[in-house]
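Numbering (UniProt numbering), first residue to last: 1 to 137. Every residue, glycine too, gets a C-beta built ideally from N, C-alpha and C. This report refers to the structure that appears directly beneath it.
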């Protein structure tokens, strides 16, 4: 049940675009981690948006002049094999690109994936086990 943090320069996504991105990334995260399609699993997939003011983003030592997107994904260790990582990076980048406010260039999008052992991942006061999240209802 991944946690996905979308960080971008202010104005990159409209309110409606955020809702679409969140829905699409939720589906993608569940598919890539091969999680069961259960309501309690879905509720554990969070997509959090954080916007930076343009003057706080730098590239090549200078204030960035283009929109920038960083997607940081926290997933349970063992939940993503090599194929799932490639799929997540490619498809998440496409989703973010598709919904970013129109620009005359492709928005630089960076994806970082962190694997977290279940012993270091807690939810509702308990450690999380990948196998339990993959079991059907």
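Q. Among all the DSSP beta bridges, which residues are the ones paired with residue 121?
A. Answer is none; residue 121 lacks a bridge partner.
**Q.** Identity of the residues DSSP links to residue 114 by a beta bridge
**A.** Note: residue 114 is bridge-paired with 74 in the DSSP secondary-structure output.
Q: Mind checking who residue 126 pairs with in its DSSP beta bridge?
A: BP columns for residue 126 point to 123.
Q | Distance cut-off 7 Å: residue 14 Cβ against heavy atoms of the ligand NAD | A | Absence of the ligand NAD is noted for the structure shown, with no ligands found whatsoever.
Q: Below 8 Å on the Cβ atoms is my guess for residue 25 versus residue 95; work out the distance and round it to an integer in Å.
A: Between residue 25 and residue 95 a beta carbon distance of about 6 Å is seen, short of the 8 Å cut, so the two are scored as contacting.
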